[in-house]
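S.K.: Attaching a single structure in structure tokens format; questions to follow.
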Amino acid sequence: MELLSGADMIARFLQDEGVEYIYGYPGGSALHIYDALFRQDKVKHILVRHEQAAAHMADGYARASGKPGVVLVTSGPGATNTITGIATAYMDSIPMVVLCGQVMSHLIGEDAFQETDMIGVSRPIVKHSFSIKHPSEIPEVLKKAFYIATTGRPGPVVVDIPKDMTAPTERYEYLYPKKVKLRSYNPVTRGHSGQIKKAVDMLMKAKRPILFGGGGLILGGASAEFTQLAKTLNIPVTTSLMGIGAFPQTDEQSLGWLGMHGSFEANQAMHHSDLVVCVGARFDDRATNNTAKFCPTAKIVHVDVDPSTIGKTIRVDVPIVGPADSVLREMNELVAQSKQRPDTEALAVWWKQINDWKASRQGRLYEAAQGEQALKPQQVVEAVWEATSGEAYVVTDVGQHQMFAAQYYKFDKPNRWITSGGLGTMGFGFPAAMGIKLNYPEDEVVLITGEGSFQMLLQELSTCKQYDIPVKIINLNNQSLGMVRQWQDLNYKSRHAQSYMESLPDFQKLVEAYGHEAMRVDRLDELKPALEKAFAMKDKLVFLDVYVDPFEHVYPMQIPQGSMRDMLLSKTERT
Amino acid sequence: MRHIISILMENEPGALSRVVGLFSQRNFNIETLNVAPTEDPTLSRLTVTTIGDDRVIEQITKQLNKLIDVVKLVDLTEGQHIERELMMIKVKAVGAQRAEIKRTTDIFRGQIVDVTPSVFTVQLTGSSDKLNGFIQALGNNTILEVVRTGVSGIARGEKVLSL
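Chains A and B, in that order, are what the protein sequence lines are. For what it's worth, the UniProt record's numbering labels the leading residue of the first sequence as 1, then goes sequentially. For what it's worth, the UniProt record's numbering labels the leading residue of the second sequence as 1, then goes sequentially.
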């Protein structure tokens, strides 16, 4: 066994754990660790320009790869700057390990320079956190951190490391712990067979069933099993915003995603169904609308790896606690063995109804701009979809552009739709896209953003320059905080309090100043050529500043306090 | 309804703050809270009384179970159980009051554990209801100070909350 300092143990552990990139920013309390990283070349460190971006980069990578993202920052402001990033990961159950420097142990509690109680500050937004009390415990604590972050319902874990724990002069035995055991943490590995059988029985008997998949399918790598179940039984499929891509959206069984800005047919089908089988979604307020009026005629089967999700917001008839992949595998086996067959007659009637709903909105979703008219954001997203053959990783920020991207880019694969669904963090998109492009250099990574969100962390243009990260940025520029403005139009008689962006920068010049490419698009005839040109520049970051109609609203939009089917369909129509 | 939830948790720094933080973070209420080490130095036992309907209590127990530091827990009010709370109460005691307070204390099977010419300190153990009853029984006597430990509880019979 070899003797290593705490700092070298950290570097060595990250190598042994197979971590390729970490994202961070140095500072006093983390300098021993930075020195240890400097003296090796396996783990590569990406220097961001703001610690929040480090957390989002790690998060983006984790969402695309299913592996934990790793962040390294110093104490005090370095640590607190990651808070929004940690909260973002927490709300969407993203595996992440955040290593934070801390002041020397003997200074803790004395309001030392750059001291913050990071364990305390981060407590409500982490899955767990550790504070290192002795250098010798570093390998085991780090292994526990990775284990907790990645198993069960994943989430961020913070490790607080006082500077003296990494001192180069103190050396201890290092051994990479292959496994750890925690007596108080044993995530379930399979669901209850009796409950699973009950659920399959109900699926066979249902007359108006619907499958509802959530982000848990993506996190749990269960898209194939989910798709198989839907295809075998010919059941309509919807997903939550986070579940987009778990089932191919171009498949005719897909109704798109549901909820506040979900599709007309998905919300209608949910409302009228007699059985909802939900896997890996948490029935949050943006998905259910008023829970008292939620799916009045449906029995509900809820599969989730986290028991606290079940029964939290809505009453569930058949709860199944277990990982999505294993539960669905068992369901598929039962379906294959079963002598029962689905009620095809009832399903045909149900599909007729659903296809009528679909057809009733076809071609009426929005009015595309012609000629000199201001571009509609929806048609820009559709053009991006075509230009990338639906194969890109699409990352968004938060607001109208996020909803348009979700509605008009059709995802056929999981892990390609990357968005901050739970916390709704403006500024998330750009660094998340960077984290993905860095790790998947051969794939197209497109950030669809707005001029409001993009300005929250645009300094990362500098990081992209340093490491040559050629993401493509589509800025749907409506010169206003579109979603805020939409709510003000609907609920505040168009009093646009602080939702107007005065004095926008010349984005083209700004992006060029950082050494990247930029173009401006105003009209329809410029759109396609600009996209082609942008995507042809494989190794360049290209920023397309696309001016769009500032008065466009996102529809459908569920009516607050209503049921799933109560929706505004345009500025003048409602259900 | 009032529930007594008894928790075995890792005797680690920060574990208590995770439990307490969870209650405020998720808008659950805490009536009483009591925590101390057990015979196993690596474990603490925490008892919390809380009020909520079935849905809320289910969420409380599920969310508590999710905390990594929580090893095991039980809702004692689901079965037969014994609950106890210790109270020390300082009462003004002069003249005729002295005999009356002594009598009341005896009726409640309490003890007077400290005496001055004008003050009795009474120690009393029992359910929260009994302690409340004693305070009421003191009637017009002047209460100078009350300190209560909060509820501790244990299941009746052979049921055990351990590893």
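Note that CB positions come from ideal geometry on N, CA and C, so glycine has one too.
(1) For GLN268 (chain A) and ALA298 (chain A), I'd like the C-alpha separation in whole angstroms.
(2) What is the residue span of the alpha helix (DSSP H) that PHE247 (chain A) lies within?
(3) Look at the alpha carbon of GLU252 (chain A) and the alpha carbon of VAL349 (chain A), and state the distance between them as a whole number of angstroms.
(4) Check ARG304 (chain A) in the structure and name its three-state DSSP category.
(5) Please check if any C-beta of chain A sits within less than 9 Å of the C-beta of SER17 (chain B).
(6) When the cut-off is 9 Å and only beta carbons count, does MET9 (chain B) lie next to chain A?
(7) Of the residues that make up the stretch 307-328 of chain A, which ones have a beta carbon closer than 7 Å to any beta carbon in chain B?
(8) Measuring only the C-alpha atoms, how far is LYS493 (chain A) from PHE551 (chain A)?
(9) Within the same chain, show all residues whose beta-carbon is closer than 7 Å to that of ILE154 (chain B), passing over the 5 residues directly before and after it, in chain order.
(10) Check the Cβ-Cβ distances between ILE94 (chain A) and every residue of chain B, and say whether any is below 9 Å.
(11) According to DSSP, is PRO77 (chain A) part of a helix, a strand, or is it coil?
(12) Rounded to a whole number of angstroms, what is the C-alpha to C-alpha distance between GLY85 (chain A) and VAL19 (chain A)?
(13) Can you find a CB in chain A that lies within less than 9 Å of the CB of ASN65 (chain B)?
(14) With distances taken Cα to Cα, identify the nearest neighbour of ALA392 (chain A) among A:ARG361, A:GLY60, A:VAL446, A:PRO68.
(15) If you draw a straight line from the C-alpha of PHE120 (chain B) to the C-alpha of GLU85 (chain B), how long is it?
(16) How about THR149 (chain B) and VAL91 (chain B): do their beta carbons lie closer than 9 Å?
(17) What does ARG123 (chain A) reach in chain B if we use C-beta pairs closer than 7 Å?
(18) Closer than 9 Å, CB to CB, is LEU423 (chain A) near chain B or not?
(19) Does the contact criterion of 3 or more C-beta pairs under 8 Å hold for the stretch 555-569 of chain A versus the stretch 257-267 of chain A?
(20) Spell out the partners DSSP gives GLN257 (chain A) in its beta bridges.
(21) Suppose you measure from the CA of GLU330 (chain A) to the CA of ILE196 (chain A); what does that come to, to the nearest Å?
(22) Per the contact definition of three or more C-beta pairs closer than 8 Å, is the stretch 101-116 of chain A in contact with the stretch 225-244 of chain A?
(23) Nearest CA to the CA of THR32 (chain B): which residue from B:LEU22, B:SER24, B:PHE23, B:VAL48?
(24) Measure the CB-CB distance between MET9 (chain B) and VAL74 (chain B) and report whether it falls below 9 Å.
(25) Taking C-beta to C-beta, are MET483 (chain A) and GLN400 (chain A) nearer than 9 Å?
(26) Anything in chain B within Cβ reach of SER184 (chain A), meaning under 7 Å, just list it in chain order.
(27) Does LEU47 (chain A) pass the burial test, meaning 16 or more other C-beta atoms within 10 Å, or should it be called exposed?
(28) Please state the DSSP three-state secondary structure of ALA11 (chain A).
(29) So that I know if they touch, is there some Cβ in chain B lying closer than 9 Å to that of GLY221 (chain A)?
(30) Could you tell me which uninterrupted alpha helix (DSSP H) segments, each at least 4 residues in length, are contained entirely in the stretch 6-71 of chain A, listed from first to last along the chain?
(31) With 8 Å as the limit, tell me which residues of the stretch 43-61 of chain B have their beta carbon closer than that to any beta carbon of chain A; keep them in chain order.
(32) Do you know how far the Cα of GLY280 (chain A) is from the Cα of GLN402 (chain A)?
(33) Measuring only between beta-carbons, confirm whether ILE132 (chain A) sits less than 9 Å from chain B.
(34) Flag PRO37 (chain B) as yes if its beta-carbon sits less than 9 Å from any beta-carbon of chain A, otherwise no.
(35) Considering just the uninterrupted stretch of the beta strand (DSSP E) at ARG45 (chain B), what are its terminal residues?
(36) Under three-state DSSP, which class holds ILE154 (chain B)?
M.R.: If we stick to the structure as given:
(1) Stepping through the first sequence from its first residue, residue 268 (chain A) is reached at position 268. Stepping through the first sequence from its first residue, residue 298 (chain A) is reached at position 298. Approximately 13 Å, taken between the alpha carbons.
(2) As a position in the first sequence, residue 247 (chain A) is number 247, starting the count at 1. No alpha helix (DSSP H) contains PHE247 (chain A), which DSSP labels as neither H nor E.
(3) On the first sequence, position 252 is the one that residue 252 (chain A) refers to. On the first sequence, position 349 is the one that residue 349 (chain A) refers to. Each residue's alpha carbon lies about 16 Å from the other.
(4) The residue you call residue 304 (chain A) lines up with position 304 of the first sequence. The residue you asked about is not Arg; residue 304 (chain A) is Asp in the sequence shown. Of the three classes helix, strand and coil, the one that applies to ASP304 (chain A) here is strand, per DSSP.
(5) Stepping through the second sequence from its first residue, residue 17 (chain B) is reached at position 17. Answer yes: the Cβ-Cβ gap between SER17 (chain B) and chain A drops below 9 Å somewhere.
(6) Taking the first residue of the second sequence as position 1, residue 9 (chain B) is located at position 9. Judged by the 9 Å Cβ criterion, MET9 (chain B) is in contact with chain A.
(7) PRO307, SER308, GLY311, LYS312
(8) Looking up residue 493 (chain A) in the first sequence gives position 493. Looking up residue 551 (chain A) in the first sequence gives position 551. Rounded to whole angstroms, LYS493 (chain A) to PHE551 (chain A) spans 14 Å at the Cα level.
(9) Translated into positions along the second sequence, residue 154 (chain B) becomes position 154. The answer, listed in chain order, is HIS81, ILE82.
(10) Numbered from 1 along the first sequence, position 94 holds the residue referred to as residue 94 (chain A). Taking Cβ atoms only, chain B never reaches closer than 9 Å to ILE94 (chain A), which makes this a no.
(11) Locating residue 77 (chain A) in the first sequence gives position 77, where the first residue counts as 1. Here PRO77 (chain A) sits in helix by DSSP.
(12) In the first sequence, the residue the question calls residue 85 (chain A) occupies position 85. In the first sequence, the residue the question calls residue 19 (chain A) occupies position 19. The straight-line gap from Cα to Cα measures roughly 19 Å.
(13) What you label residue 65 (chain B) is simply residue 65 of the second sequence in a count that begins at 1. Output row for ASN65 (chain B): interface = yes.
(14) Your numbering for residue 392 (chain A) matches position 392 in the first sequence. Among A:ARG361, A:GLY60, A:VAL446, A:PRO68, the Cα nearest to that of ALA392 (chain A) belongs to A:VAL446.
(15) Taking the first residue of the second sequence as position 1, residue 120 (chain B) is located at position 120. Taking the first residue of the second sequence as position 1, residue 85 (chain B) is located at position 85. Computed Cα separation, rounded: 20 Å.
(16) For the purposes of this step, residue 149 (chain B) is identified with residue 149 of the second sequence, where counting begins at 1. For the purposes of this step, residue 91 (chain B) is identified with residue 91 of the second sequence, where counting begins at 1. Not closer than 9 Å, so no.
(17) To locate residue 123 (chain A), count along the first sequence from 1; it is residue 123. In chain order: SER17, ARG18, GLY21.
(18) Indexing the first sequence from 1 puts residue 423 (chain A) at position 423. For LEU423 (chain A), the answer is no, since every Cβ of chain B falls outside 9 Å of its Cβ.
(19) yes
(20) In the first sequence, the residue the question calls residue 257 (chain A) occupies position 257. Residue identity differs from the one stated: residue 257 (chain A) is Trp in this sequence, not Gln. DSSP lists A:THR239 as partners of TRP257 (chain A).
(21) Within the first sequence, the letter at position 330 stands for residue 330 (chain A). Within the first sequence, the letter at position 196 stands for residue 196 (chain A). Using only the alpha carbons, I get a separation of about 7 Å.
(22) no
(23) Residue mapping note: residue 32 (chain B) aligns to position 32 of the second sequence, counting from 1. It is B:VAL48.
(24) Indexing the second sequence from 1 puts residue 9 (chain B) at position 9. Indexing the second sequence from 1 puts residue 74 (chain B) at position 74. No.
(25) Against the first sequence, residue 483 (chain A) aligns to sequence position 483. Against the first sequence, residue 400 (chain A) aligns to sequence position 400. In this structure, GLN400 (chain A) lies closer than 9 Å to MET483 (chain A) by Cβ.
(26) Locating residue 184 (chain A) in the first sequence gives position 184, counting from the first residue. Those within 7 Å of SER184 (chain A) in chain B are GLU10, ILE68, ASP69, VAL70, VAL71.
(27) The residue labelled residue 47 (chain A) in the question sits at position 47 within the first sequence. By the neighbour-count rule (16 or more Cβ atoms within 10 Å), LEU47 (chain A) is not buried but exposed.
(28) In the first sequence, counting from the first residue as 1, residue 11 (chain A) sits at position 11. ALA11 (chain A) falls in the helix class under three-state DSSP.
(29) By one-based count along the first sequence, residue 221 (chain A) stands at place 221. Not one chain B Cβ lies under 9 Å of GLY221 (chain A).
(30) 6-16, 31-38, 51-65
(31) ARG55, GLU58, GLN59
(32) In the first sequence, the residue the question calls residue 402 (chain A) occupies position 402. In the first sequence, the residue the question calls residue 280 (chain A) occupies position 280. C-alpha separation (whole angstroms): 22 Å.
(33) Within the first sequence, the letter at position 132 stands for residue 132 (chain A). No, ILE132 (chain A) does not count as interfacial toward chain B.
(34) Within the second sequence, residue 37 (chain B) is the residue found at index 37, counting from 1. With 9 Å as the cut-off, PRO37 (chain B) does not count as an interface residue toward chain A.
(35) Residue mapping note: residue 45 (chain B) aligns to position 45 of the second sequence, counting from 1. ARG45 (chain B) -> beta strand (DSSP E) spans 43-51.
(36) Residue 154 (chain B) sits at position 154 when you count from the first residue of the second sequence. Strand, per DSSP.
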